[in-house]
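2 protein chains.
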Amino acid sequence: MNRPPEAARELRRAYLFADMADEHLAALVQGLHDIHLNAGDTLFRHSQPAERFFFLRDGMVKLFRLSPEGDEKIIEIMQPGQTFAEAVMFMGTQGRYPVSAEAVSESRLYAIDQKAFLNLLRESHEASFGLLASLSRRLHMLVNQIESLTLQNATYRLVAYLLEQIPRDVKTSPEVQLTTPKGVIASRLAIQPETLSRILAKLRQRGLIEVHGNHITVRNVQALRDLVHLPPQD
Amino acid sequence: MNRPPEAARELRRAYLFADMADEHLAALVQGLHDIHLNAGDTLFRHSQPAERFFFLRDGMVKLFRLSPEGDEKIIEIMQPGQTFAEAVMFMGTQGRYPVSAEAVSESRLYAIDQKAFLNLLRESHEASFGLLASLSRRLHMLVNQIESLTLQNATYRLVAYLLEQIPRDVKTSPEVQLTTPKGVIASRLAIQPETLSRILAKLRQRGLIEVHGNHITVRNVQALRDLVHLPPQD
DNA sequence: CCACGGCATTGACCTTGGTCAAGCGGCCCT
DNA sequence: AGGGCCGCTTGACCAAGGTCAATGCCGTGG
Chain V
13 MNRPPEAARE LRRAYLFADM ADEHLAALVQ GLHDIHLNAG DTLFRHSQPA
63 ERFFFLRDGM VKLFRLSPEG DEKIIEIMQP GQTFAEAVMF MGTQGRYPVS
113 AEAVSESRLY AIDQKAFLNL LRESHEASFG LLASLSRRLH MLVNQIESLT
163 LQNATYRLVA YLLEQIPRDV KTSPEVQLTT PKGVIASRLA IQPETLSRIL
213 AKLRQRGLIE VHGNHITVRN VQALRDLVHL PPQD
Chain H
13 MNRPPEAARE LRRAYLFADM ADEHLAALVQ GLHDIHLNAG DTLFRHSQPA
63 ERFFFLRDGM VKLFRLSPEG DEKIIEIMQP GQTFAEAVMF MGTQGRYPVS
113 AEAVSESRLY AIDQKAFLNL LRESHEASFG LLASLSRRLH MLVNQIESLT
163 LQNATYRLVA YLLEQIPRDV KTSPEVQLTT PKGVIASRLA IQPETLSRIL
213 AKLRQRGLIE VHGNHITVRN VQALRDLVHL PPQD
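Respectively, the protein sequence lines represent chains V and H. Sequence positions in the first sequence follow the working numbering and run 13 to 246. Sequence positions in the second sequence follow the working numbering and run 13 to 246.
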């Protein structure tokens with residue numbers, strides 16, 4: 013598998029590879045496998061033995077768990093440039109995926125062999141540190157998610173989600189383009205699609221946002237910010 | 013600070029230190045700080061700058077988040093032999109604790125300086141791998157917690173908790189000694205103390221358990237297991 | 001020995017968000 | 001163009017668990 017140096021540049025977008033020495037990254041690139049998924053395709057399933065982890069080149073992939081009754085909770089929606097399932101490597105021999113993964117839209121990925129990567133970790137401290145940083149960030153994100161699931165209500169979670177979609181520097185009345193179907197967002201926020209709809213309707217009635225399909229205009233950013241930081245009110 | 017070799021043996025209980033080379037561990041031991049906490053004492057607070065992480069020698073420490081209204085959600089209850097707050101080291105310069113920590117009962121800990129440990133990581137691959145394994149385990153635990161918070165009801169969570177307290181090999185009618193006040197367990201499971209009480213009462217009425225203060229006799233393990241694996245029912 | 005304070009239990013009531021069902025609009029596909 | 005499907009919305013109803021309040025139960029300290 014002979015690859016252009018573009019692949020290395022592409023991988024550097026991920027924190028995991030950002031600081032890795034060129035020669036290590038080059039070696040890694042030789043072992044990459046291309047994966048192409050159509051929307052709805054499954055990448056792996058919860059509790060399958062894990063032998064590879066992934067870098068998302070483009071498209072969108074959801075990581076989720078299913079209840080025995082078939083209800084779905086999306087843990088994370090992966091964006092291009094991110095790696096996932098790296099942690100499983102360290103769950104002892106025969107690590108198993110703790111979640112399922114499925115393409116939300118057509119996606120291209122690189123698969124990275126765990127054994128090869130473990131060997132690389134033994135030689136490269138930058139790689140180890142990159143991985144530690146990745147895991148720490150994900151850990152922190154999960155703790156925040158637990159907090160908002162347990163200490164905050166559905167409106168709070170949705171508003172927080174909307175605010176996250178607004179780039180830092182925007183000062184003008186911001187536009188939010190929802191990048192996934194609303195049902196996916198609902199599952200990510202652990203609410204039903206009906207509830208999502210109702211909350212948006214209520215925010216609209218209060219004049220805080222305008223909804224046009226999957227495009228949302230935020231009319232009053234400050235009011236939304238207040239909703240999230242001050243005592244939540246109906 | 014001159015320490016007996018006991019300290020090294022003590023630290024090896026934690027996965028993080030289990031495989032570390034003797035000389036590295038010995039160096040680490042020289043930099044330990046002793047900490048003593050009475051029940052209710054605070055170790056650190058959410059969003060404080062983090063310069064150390066911790067090994068719990070004995071006692072019990074809760075990691076939790078507070079809502080603006082003062083409601084508490086316990087993320088994890090640390091047990092003797094475990095390390096915590098190691099991940100913060102990698103959240104870039106000026107990492108901040110993502111949770112608060114407070115002693116549930118009188119506790120003794122070792123504090124480990126992050127800078128010193130980072131230096132050690134640069135020399136010891138075992139240390140890096142130990143840390144990666146620790147973080148992976150915690151990551152997995154958090155994912156499981158999110159699943160049970162979002163896809164399962166309060167009864168399921170409590171029953172799962174009770175079953176976790178029963179050692180693997182017990183075949184006889186098992187005894188569970190609750191090691192913390194029920195209010196603490198409730199917060200860990202993200203339910204109110206009243207609800208915990210009611211669920212225990214219902215399980216009692218169904219003849220599945222007997223409750224004597226903080227001591228619980230499980231009368232029908234299999235029925236509890238079924239509750240957790242089959243469709244949850246009232 | 002009694003009084004107090006903290007934890008736990010129980011009851012009555014309420015709120016949030018889930019469930020079920022109907023309707024609507026766009027999009028694709030023939 | 002028509003039909004069917006899918007995603008979304010809206011309404012009516014429901015239930016799990018939260019809230020508030022009263023009471024009981026110890027264990028501790030004066």
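Built from N, CA and C at the ideal position, the CB exists for glycine as well. Here the structure is a predicted model, which means the values were calculated and not measured.
Short Cβ contact (9 Å threshold) for residue i with residue j
i: V/Leu55; j: V/Glu114; result: yes
i: H/His45; j: H/Ile158; result: no
i: V/Gly71; j: V/Arg24; result: no
i: V/Val116; j: V/Tyr109; result: no
i: H/Gly219; j: H/Arg237; result: no
i: H/Leu49; j: V/Ser140; result: no
i: V/Ala26; j: V/Gln106; result: no
i: V/Lys194; j: V/Pro186; result: no
i: H/Ala166; j: H/Leu190; result: no
i: V/Ile197; j: V/Val188; result: no
i: V/Leu163; j: H/Ser79; result: yes
i: V/Arg150; j: V/Glu88; result: yes
i: V/Glu22; j: V/Arg69; result: yes
i: H/Val233; j: H/Leu175; result: yes
i: V/Phe66; j: V/Phe96; result: yes
i: V/Ser148; j: H/Met153; result: no
i: H/Pro17; j: H/Ala38; result: yes
i: H/Gln126; j: H/Arg180; result: no
Contacts that residue i makes with chain V (C-beta to C-beta distance below 7 Å)
i: H/His137; result: Arg134
Helix, strand or coil at residue i according to DSSP, with G and I counted as helix
i: H/Gln245; result: The predicted model places H/Gln245 with a pLDDT of 40, which falls under 50 and marks its position as unreliable, so this point remains unresolved.
i: V/Leu49; result: strand
i: V/Arg120; result: strand
i: H/Val100; result: helix
i: V/Met32; result: coil
i: H/Gly71; result: strand
i: V/Ala26; result: coil
i: H/Asp125; result: strand
i: H/Asn232; result: coil
i: V/Ile158; result: helix
i: H/His284; result: Any question about residue 284 of chain H goes unanswered here, given that chain H covers just 13 to 246.
i: V/Glu18; result: helix
i: H/His137; result: helix
i: H/Ser146; result: helix
i: H/Pro92; result: coil
i: V/Ala115; result: strand
i: V/Arg169; result: helix
Partners in chain H for residue i, counting only beta-carbon separations shorter than 8 Å
i: V/Ile158; result: Arg77, Lys85, Ile87, Leu154, Gln157, Ile158, Leu161
Chain-ordered neighbours of residue i on chain H, where CB pairs are closer than 9 Å
i: V/Ile102; result: The identity of residue 102 of chain V in the sequence shown is Phe, whereas the question assumes Ile. Chain H residues near V/Phe102: Phe141, Leu144, Ala145, Ser146, Leu147, Ser148, Arg149.
Residue i: contacting residues in chain V (beta-carbon distance under 8 Å)
i: H/Val164; result: For the sequence presented, residue 164 of chain H should be read as Gln rather than Val. In chain order: Ser79.
i: H/Val111; result: Val155
i: H/Ala97; result: Near H/Ala97 there are no residues of chain V at all, since even the closest Cβ is about 11 Å away, more than 8 Å.
Cβ shell of residue i (< 8 Å), same chain only, five flanking positions each side left out
i: H/Pro243; result: Because the pLDDT at H/Pro243 is just 40, under 50, the model does not fix this residue reliably, and the point stays unresolved.
i: H/Asp31; result: Glu138, Phe141, Gly142
i: H/Leu19; result: The sequence as given places Ala at residue 19 of chain H; Leu does not occur at that position. Taken in chain order, the residues that qualify are Val41, Leu44, Tyr122.
i: V/His36; result: Leu132, Glu135, Ser136, Glu138, Ala139
Where residue i meets chain V, residues with beta-carbon distance less than 9 Å
i: H/Ala198; result: Chain V residues near H/Ala198: none, gap ~12 Å exceeds 9 Å.
i: H/Ala202; result: Ile158, Leu161, Thr162, Leu163
Contact test: residue i Cβ vs the ligand HEM heavy atom, cutoff 8 Å
i: H/Arg231; result: Among the components modelled here there is no ligand, and therefore nothing to report on the ligand HEM.
Contacting residues, own chain, Cβ-Cβ under 6 Å from residue i (five flanking each side not counted)
i: V/Ile47; result: Leu121, Ala123
i: H/Arg57; result: Ser112
i: H/Ala235; result: Leu220
i: V/Ala128; result: Gly43
i: H/Ala9; result: Only positions 13 to 246 of chain H appear in this structure, which leaves residue 9 of chain H out of reach.
Close Cβ partners of residue i (< 7 Å) along its chain, the five nearest in sequence each way excluded
i: V/Thr192; result: Met72, Ile89, Val116
i: H/Leu130; result: Met101
i: H/Ser146; result: Tyr27, Leu28, Thr95, Glu98
i: V/Lys85; result: Phe76, Arg77, Ser199, Ala202
Original post:
What runs of the beta strand (DSSP E), each 3 residues or longer, lie entirely inside the stretch 181-223 of chain H?
Top reply: Taking only runs of at least 3 residues, the beta strand (DSSP E) segments lying wholly in the stretch 181-223 of chain H are 187-189.
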